[in-house]
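Heads up, the working numbering is the position in the sequence shown plus 10, with the first residue counted as 1. Even glycine gets a Cβ: it sits at the ideal position worked out from N, Cα and C. The structure appears below as structure tokens.
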Amino acid sequence: IEQALKLLNSVESDPSASAIIQSNAAFRRASILMQAAQPSTSQGVKSIVAAAREFVSKYPSDIRAARILVEAATVCDEIPSTKRGLLEEAKRLTTEELLLLRIADDLARLDRLGKPLELSMPTLSGGTLDLSTYRGKPVLLIFWSSQAPQSLLWLRDFRTDWEKLGSSAPQVVTVSLDTSRKEAAARAKSFPPAWAVGYEEGGWESPTARKLGINALPTIWSINPDGTLESLNARSRWKAWISSGVGGKVP
């Protein structure tokens with residue numbers, strides 16, 4: 011990696027290289043730095059954000075500037091102010107319609123953090139799923155789809171850990187973004203009976219998905235007993251959240 015970074019740095023700083031070659035070298039260098047960093051650590055997150063911002067500071071008019079900021083923002087769920095800053099800057103730099111839609115989704119989710127989350131939608135069984143009925147309990151809200159293998163793999167591993175907790179386990183509310191009710195129902199049959207399963211027609215374009223800005227699967231939110239949205243990314247930290255006292259001890 012070090013050799014690659016030195017080579018790319020020399021290409022970028024070569025006065026005889028064209029502007030395109032220089033920007034390509036800089037982008038490749040930033041990409042390597044971001045991929046090499048550990049997003050699970052605070053230092054890794056800082057390195058990713060720094061690499062993205064360095065590229066943008068040098069090449070703000072490059073079409074990739076906004077994209078790299080949005081990519082860096084994906085690892086900043088635990089530092090909302092930094093995430094918002096990256097997204098707002100990316101928004102100013104781009105006119106790409108799809109990227110602007112993604113940014114809008116990301117900002118919509120951020121706007122809900124720390125506030126009471128209201129959600130009412132149909133269930134697969136024909137009833138109504140209302141988050142307010144779970145007030146007083148810690149809730150994990152999980153968005154998934156049988157068409158997204160990564161979400162199924164996460165649910166499989168999560169279920170193993172969840173079942174070990176017994177009475178200390180959080181309430182699980184899932185929302186399927188399947189485009190086929192039949193496929194969603196077939197997969198949901200394997201879920202524990204205690205898990206609620208919401209479903210609306212439309213998949214990614216369903217009213218709930220659009221309202222909440224869901225654009226990646228799985229998406230896991232943690233909701234405090236008072237109904238406030240605690241985290242936009244509880245994939246790896248939900249047990250620590252429970253252990254903090256919100257819902258008991260995790261063995």
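Ranking Pro-180, Leu-242, Leu-222 by CA distance to the CA of Ile-230 puts Leu-242 first. Around the beta carbon of Gly-208, 16 or more other beta carbons lie within 10 angstroms, which makes this residue buried.
Selection Gly-146, Leu-165, Ile-233 evaluated against Lys-125 yields Ile-233 as nearest (Cα-Cα). Assignment of beta strand (DSSP E) within the stretch 185-256, counting only whole runs of 3 or more residues, yields 206-209, 229-233, 239-241 in chain order. Beta-bridge partners assigned by DSSP to Pro-126: Thr-238. Each of Asp-87, Glu-106, Ile-89, Ala-83 was checked against the Cα of Leu-97, and the nearest Cα belongs to Ala-83. Fewer than three pairs of CB atoms, one per stretch, sit closer than 8 Å, so the stretch 247-258 makes no contact with the stretch 184-195. DSSP lists Leu-139 as the bridge partner or partners of Met-131. Between Ala-60 and Leu-103 a beta carbon distance of about 18 Å is seen, past the 8 Å cut, so the two are scored as non-contacting.
The criterion of a C-beta distance shorter than 8 Å is not satisfied by Lys-101 and Leu-108. Of the other Cβ atoms in all chains shown, 16 or more fall within 10 Å of the Cβ of Lys-93; this residue is therefore buried. The beta carbon of Gly-237 sits closer than 6 Å to the beta carbons of Pro-126, Arg-145 from its chain, once the five residues preceding and following it are set aside; these are given in chain order. If you draw a straight line from the Cα of Glu-240 to the Cα of Ser-156, it comes to about 26 Å.
Counting the other CB atoms within 10 Å of its CB gives Pro-203 a total below 16, which places it among the exposed residues. Under the Cβ criterion (8 Å, minimum of three pairs), the stretch 48-58 does not count as touching the stretch 18-37. Secondary structure at Ile-152: strand, using DSSP grouped into helix, strand and coil.
Cβ atoms of Asp-72 and Ser-33 come within 8 Å of each other, at about 5 Å. For Gln-181, the beta-bridge partners assigned by DSSP are Val-149. Judged by beta-carbon spacing, Val-182 lies beyond the 8 Å limit of Leu-222, meaning their Cβ atoms are not closer than that value. If you compare the alpha carbons of Asp-140, Arg-119, Leu-117, Gly-136 with that of Glu-128, the shortest gap goes to Asp-140.
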